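Data first, discussion second: the structure below is written as structure tokens.
Residue numbers (our numbering), protein chains in the order written: chain D, 8 to 238; chain P, 787 to 1456; chain Y, 21 to 159.
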């Protein structure tokens, strides 16, 4: 490797010899600062890294939802002679579903409070309640879909219904997956206690569940409530 | 039992795919046999396949990208030659095969060639440049790579089993709906892109978290190397738009598999919605590719000019400007498909405005060279070739961004020439510059410079000889994707274009020769110093190849161009800093979860394509189970004892002392 | 990595005030603080949800403005969830989280509003009204 030139470094060497006190130095790299630089204290802790990474994942998940929202908005009039939103919305059921999901968000928050207090029993109790409420939500939604299908209202009927079932079904799928995750987490908490990485996963689960509730706010407003108002 | 899969799926009646398949299968079987006979399997498994080291994963990404680049290039050769021989004739590729070839060419080059290459560079470089030991989520990194690889495998399996899509690289409905394309081609596309898209998203999240949360002490935002900035911008775009791709393809999948009406032309479906959504991904996608390429050029220009990057802060601003504005221009891909004057005007102006950010960058690079001691090494040649090529491509791009002009040349060979002009000139040139530039950092020896220069000149000339005729043909009215041609006046231009492909082939051969000869003579080309190019950012502070923990002690950065500052100090004081106090290091344990999950995901994709529902369910359950088993693991890290750390770092310090001594000698000769 | 294993919560009293916080996380607080937070969040969301269902079911709001009113309520409730359940604050320890969120919201707005704008424009120019069969204009 003796053939390699290092012209810039050689240049620096010459400058040091000719100008040892850096009098003529107009450098890009400023004079070395003292101490660790300007409040940048090196890598964050694992807790923050995990939480932030999951936060970014959630944002990307919300973008997926936004595409389905956009499809629903664009196809809001594409009934192809089939039922309109006004004809298929069952407001009392949506109110029940909303209540279940909202309460589950609340119990999820409480479970995280218990986690922070390192209280295993209450963490498990609130996680269990969260799961139960989530299950109730999924069952109500499944019943709604089943009822609609029995009346011949299926996604194959029209563009509007494709977008409706696509969007609401995607949310339901998320809640279902969240439920599976919740069950796995409960088992891990029970068997492993509050190890560091278990707490990190609980933070992530907490974020996931609350984000699903935020998406549901969009769904019950735009799909159901605005849909329920006669055009 | 096997859904739609039976023996008719294998193309026994088509000689070209059949022979290709046989050759590829023989090569793969041969390679696997060689590995098995030589007893390399445990090494490969331990050191590469299950590795969670960001450098190893980066190298594997790049290897995958290079292989796919060759596959896509083979498609390109077939297209150019077919058009040259099919003038008033049918040529040698029947339409259904030709259509698969241009679809595969686009899909492979963008999603399985350029993307893995770019992500490979980001993976390899970002932690090194930030002075940290790994990315934020090392195990997920491995999962992401293997998912990308299994997507690429699916695309290539379509060569032997069934067919690939014939719809163009973005499967526009209604053509891509089950009614009009009932075969498995589009399904191959959907599942391959979907699976690799998940991998890409993981990589994006990983890089953003690494850059924002894991910098070494003192590495403030405005001290990060330019490549890291572009990697951050590109990964932000990945997080923003890859979900759009996932959602759009999921809707098309629902249409094809479950009879939904998102994009059909009946029952209230809206095909234009697909075009709208897919380009909301597709346009930022080209910036995902080209921003890291800009980062590579920035590093190369400043290193080989021996100067700091000119206008660093304006470069950062331009990068972020491009990152945000690229989200607002997607309609220019379908100016002619029905939007009104107001919409077209808005998106036309936004598209033109992006050129301002790029212009800032071009001037900065030129001024970086100005007054510097420019060394015309391989990477620098690629970069200078890039400036020339990219300016032309950018200018034709501004032309296409003007809606009335676009109405004249849209979907013509002019467009084809334009986007190859920016993607080849921008991304591919950057990749070759980066390969030669960082090769010593990855493998510990340099590449022969001579063959690299031959490769550059062949690629550069070949590029212009190939694509200039396409501009002309576009202006003469030739549309893209023609299987045969009825207008004899186009003949000479098509012949010139084929000649250009011939020159590029010579370039590819030179590149392969460069690699092979350099590997043969690796001891002669060994990089003892870790700083073969007189580098300026932190990756050159490590030995070549970098140890698995990158930095024995996390560096403390005290200014822009972190390593340059350290080197400057060493030169001024004529000594390295005092030996640090070494401490044991914890590094993440290898994990097979990536390859296991991706293995089952491949079977999931394959069985969904062929409607083998039981296998799909089984594979999905197995993939999930593999993942949970991993999550159950209790120990994620292992200790590197302090003696080991000290031993490796003392070797590095010794080579630095030697470098300093050599510099002193060179300085004495001044 | 050993450097990253450092968890500020393990060393009480040594909390680094320059440290960021993970999204959804907060500096060390008593359990009562978390419970109060959740209670407030539930209270506000119940009020806002009830208001939304009320607006949709009754004639309190002028007909054509119902959709807008519902969207305002939804945005307010999303804000409540972000603050009380996801613990997003304006503090310096949250800057990165908020910036990421802002970027995400920008992307969502661009995609949803952009798609609606573009598609309505295209539909006006190109498509017959969706639920009528396409017919040729009489000569």
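Built from N, CA and C at the ideal position, the CB exists for glycine as well. Source: prediction; values computed, not measured.
Shown here for residue 1285 (chain P): same chain residues with a beta carbon closer than 7 Å to its own, the five before and five after excluded, namely 1251 in chain order.
At least 9 Å separates the beta-carbon of residue 1032 (chain P) from that of residue 1075 (chain P).
Leaving aside the five residues that flank residue 899 (chain P) on each side, the residues in its chain whose CB is nearer than 6 Å to its CB run, in chain order, 851, 854, 855 and 858. Here residue 1312 (chain P) is bridged, per DSSP, to P:1231.
Between residue 871 (chain P) and the set P:1272, P:1136 and P:1356, the nearest pair of CA atoms involves P:1272. The residue from P:1172, P:814, P:861 and P:929 with its alpha-carbon nearest to that of residue 892 (chain P) is P:861. By the Cβ test, the region 928-942 of chain P is not in contact with the region 221-233 of chain D, since fewer than three Cβ pairs between them sit closer than 8 Å. Three or more Cβ pairs drawn from the region 1289-1302 of chain P and the region 1240-1248 of chain P lie within less than 8 Å of each other, which places the two stretches in contact.
Residue 204 (chain D) is not bridged by DSSP to any residue. Under the 9 Å criterion on CB atoms, residue 136 (chain Y) is classed as interfacial with respect to chain D.
Considering only D:83, D:132 and D:114, the residue with the shortest C-alpha distance to residue 174 (chain D) is D:83. With a cutoff of 9 Å on beta-carbon distance, residue 67 (chain D) and residue 216 (chain D) are scored as not near each other.
For residue 865 (chain P), the enclosing alpha helix (DSSP H) begins and ends at 840-871. In summary, no residue of the region 51-71 of chain Y has a CB separated from any CB of chain P by less than 7 Å. Judged by beta-carbon spacing, residue 981 (chain P) lies within the 9 Å limit of residue 933 (chain P), meaning their Cβ atoms are closer than that value. When the alpha-carbon of residue 939 (chain P) is set against those of P:1391, P:792 and P:1453, the nearest one is in P:1391. When the five nearest sequence neighbours on each side are left out, the beta carbons in the same chain lying within less than 8 Å of the beta carbon of residue 1275 (chain P) are those of 1262, in order along the chain.
Distance from residue 77 (chain D) to residue 135 (chain Y) at the Cβ level is roughly 4 Å; contact confirmed, criterion being Cβ atoms closer than 8 Å.
Within the DSSP secondary-structure output, residue 1373 (chain P) pairs in a beta bridge with P:1424. The criterion of a C-beta distance shorter than 9 Å is satisfied by residue 134 (chain D) and residue 192 (chain D). The alpha-carbon of residue 220 (chain D) is positioned some 27 Å away from that of residue 985 (chain P). Within chain P, the residues 1054 have their CB atoms less than 7 Å from the CB of residue 86 (chain D), given in chain order. Interface residue (Cβ-Cβ distance to chain Y less than 9 Å): residue 124 (chain D) is classified as such. Excluding five sequence positions before and after residue 916 (chain P), the CB atoms of its chain that fall closer than 8 Å to its own CB belong to 996, 997, 1000, 1001, 1002, 1005, 1010, 1014 and 1324, given in chain order.
Between residue 1095 (chain P) and residue 1166 (chain P), the CB-CB gap reaches or exceeds 9 Å. Taking 3 residues as the shortest admissible run, the region 934-974 of chain P contains no complete beta strand (DSSP E) segment at all. When Cβ-Cβ separations below 9 Å define contact, residue 1125 (chain P) makes contact with chain Y. If you compare the alpha carbons of P:1026, P:888, P:1159 and P:1358 with that of residue 74 (chain D), the shortest gap goes to P:1026. For residue 1058 (chain P), the chain Y residues whose Cβ falls inside 9 Å of its Cβ are 138, 139, 142, 143, 146 and 147, in order along the chain.
When the beta-carbon positions are compared, residue 1277 (chain P) and residue 1199 (chain P) stay at least 9 Å from each other.
Residue 1271 (chain P) is bridged by DSSP to P:873. The beta carbon of residue 128 (chain Y) falls within 9 Å of a beta carbon belonging to chain D, placing the residue at that interface.
For residue 96 (chain Y), the enclosing alpha helix (DSSP H) covers residues 86-100. At a beta-carbon threshold of 9 Å, none of the residues of chain P lie near residue 99 (chain D); the nearest stands roughly 28 Å away. Residues of the region 1033-1046 of chain P with a C-beta less than 9 Å from any C-beta of chain D: 1033, 1034, 1036, 1037, 1040, 1041, 1044, 1045 and 1046, listed in chain order.
The beta carbon of residue 953 (chain P) lies closer than 7 Å to those of 889, 961, 962, 967 and 972 in the same chain, with the five residues before and after it left out.
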